[in-house]
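Reviewing the structure listed below.
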Amino acid sequence: MTDLQAELSFAHDMADAVDVITASRFRATDLVVTTKADDTHVTEADTGAETTMRKLIADTRPDHAVLGEEEGLIGDPNAEWQWVLDPIDGTANYVRGVPIWATLIALRHRERAVVALVSAPALQQRWWATAGGGAFTGALGDRSGSRIAVSAVASLADSFLGHSSTGGWFARGRGPQFVDLCERVWRSRGLGDFWMHCLVAQGSLDAAVEPVVSLWDLVAVDLIVQEAGGRFTDLDGRPGPDGGSAVSTNGILHDEVLSLLARA
1320 MTDLQAELSF AHDMADAVDV ITASRFRATD LVVTTKADDT HVTEADTGAE TTMRKLIADT
1380 RPDHAVLGEE EGLIGDPNAE WQWVLDPIDG TANYVRGVPI WATLIALRHR ERAVVALVSA
1440 PALQQRWWAT AGGGAFTGAL GDRSGSRIAV SAVASLADSF LGHSSTGGWF ARGRGPQFVD
1500 LCERVWRSRG LGDFWMHCLV AQGSLDAAVE PVVSLWDLVA VDLIVQEAGG RFTDLDGRPG
1560 PDGGSAVSTN GILHDEVLSL LARA
């Protein structure tokens, strides 16, 4: 096994390089924005950030494959090591000047995540984890960080829930179930994207749910939540980041959340 701390340090190095690109173009009046085939936005910062990370990986780890949101898979699909990149998770926020967006970086070994890093320069915070090494958070520039853990909240009525936009739940036939869940918790917030899962990992939220999402949105946050002591599955309870949906919790509430969101 490669040195995971060395790979984590490399992930921080990539994030340092990318933060310069994304932060400098955030709220720029001349930001170039186009629409992809799936009707989602992509900006010059997305493509520039991914290109920068791909070059750094190619220059230093040429035998590693790379899967990124903007350019897809480059390299051997059967490579032992694969980086999974989302240059800007929360592009809609980025485009509208909302500071909840981040670069997501993960390294998988034989399809199992072993290194994860989330860098949110507009929030001045990062979260990271290594397999078996715990999860941490720190301000930008702080690579030591503080260890984080999920909450111990045991009652749904006392829980704080994060979620994505409501429309996706109804489009996928789980709208009433989602509303029921929101009515049963203490508080809910529509934070969406990476941040709500990182807040679950650090114990600020107790659960976070989203009905449709891609692999590169989840590989990093999945490992961070798990290493913080939480649980991460899709809506049908399958573990891992490749189910097309996401439920992260402190573990205690997980089965109850899944039950309430189950198809009728």
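Using my numbering, read the sequence shown as starting at 1320 and increasing by one per residue.
Just so it is clear, CB atoms sit at the ideal spot from N, CA and C, and this is done for glycine as well.
For residue i, collect the residues of the same chain with a Cβ closer than 7 Å to its Cβ; drop the 5 residues on either side in sequence, then sort them by chain order.
i: R1582; result: G1492 and R1493
i: T1371; result: A1336, V1337 and I1340
i: A1411; result: H1360
i: A1458; result: Q1443 and Q1444
i: V1531; result: G1487, R1491, G1563 and S1564
i: T1354; result: H1360
For residue i, count the other beta carbons within 10 Å of its own beta carbon; 16 or more makes it buried, fewer makes it exposed. Which is it?
i: F1479; result: buried
i: G1549; result: buried
i: L1510; result: buried
i: S1507; result: buried
i: P1560; result: buried
i: P1406; result: buried
i: F1513; result: buried
i: Q1545; result: buried
i: E1529; result: buried
i: Q1401; result: buried
i: V1498; result: exposed
i: D1477; result: exposed
i: W1505; result: exposed
i: R1373; result: buried
i: S1438; result: buried
i: T1456; result: buried
i: D1536; result: buried
i: V1403; result: buried
i: R1344; result: buried
i: A1325; result: exposed
i: T1348; result: exposed
i: T1422; result: buried
Sorted by chain position, which residues of the same chain lie with C-beta nearer than 8 Å to residue i's C-beta, five sequence neighbours on each side aside?
i: G1562; result: T1552, D1553, L1554 and D1555
i: A1527; result: L1480, G1481, H1482, L1510, M1515, H1516, L1518, V1519, A1565, V1566, S1567 and T1568
i: Q1496; result: W1488, L1579, L1580, A1581, R1582 and A1583
i: L1534; result: L1386, V1403, P1560 and D1561
i: G1464; result: R1445, W1447, F1455, T1456 and G1457
i: V1576; result: L1475, L1500, A1526, V1528, V1566 and T1568
Give the DSSP bridge partners of residue i, in chain order.
i: F1489; result: In DSSP, F1489 forms no bridge with anything.
i: H1360; result: T1354
i: Q1324; result: Answer by DSSP bridge pairing: none, since Q1324 is not bridged.
i: S1444; result: Residue identity check: residue 1444 is Gln in the sequence provided, not Ser. According to DSSP, Q1444 bridges with A1439 and A1458.
i: S1289; result: The question about residue 1289 has no answer, for the chain in this structure spans 1320 to 1583.
i: F1479; result: R1506
i: R1466; result: F1455
i: V1434; result: L1426 and T1449
i: P1558; result: T1552
Ignore the nearest five residues each way along the sequence and tell me which others in residue i's own chain have a CB closer than 6 Å to its CB.
i: S1474; result: none
i: F1569; result: Contrary to the premise, residue 1569 reads as Asn rather than Phe in this sequence. Closer than 6 Å at Cβ, skipping near neighbours: V1469, S1470, D1525 and G1549.
i: I1393; result: V1385
i: D1395; result: A1384
i: L1375; result: M1333
i: R1466; result: G1453 and F1455
i: C1501; result: S1507
i: W1420; result: I1407, G1409, N1412 and Y1413
i: V1472; result: S1478 and D1525
Rounded to the nearest angstrom, how far is the Cβ of residue i from that of residue j, given a contact under 8 Å?
i: G1323; j: V1433; result: Note on residue identity: the sequence assigns Leu, not Gly, to residue 1323. Right, their Cβ atoms sit about 6 Å apart.
i: A1342; j: P1418; result: Not quite, the Cβ-Cβ distance comes to about 10 Å (not below 8 Å), so this is no contact.
i: A1334; j: I1424; result: 6 Å
i: L1542; j: A1435; result: 4 Å
i: A1547; j: Q1521; result: 7 Å
i: H1428; j: E1389; result: H1428 to E1389, Cβ: 23 Å. No contact.
i: L1327; j: T1449; result: 6 Å
i: H1331; j: R1462; result: 6 Å
i: T1362; j: V1352; result: 5 Å
Between residue i and chain B, is any beta-carbon pair separated by less than 8 Å?
i: D1382; result: Going by chain labels, chain B is absent from the structure shown, which holds only one protein chain.
State yes or no: is the C-beta of residue i nearer than 7 Å to some heavy atom of the ligand NAP?
i: Q1545; result: What this structure holds is no ligand at all, so the ligand NAP is not there to describe.
Practice prompt. Pick out the complete alpha helix (DSSP H) segments inside the segment 1380-1432, 4 residues or longer, and give them in chain order.
Written response: 1410-1415
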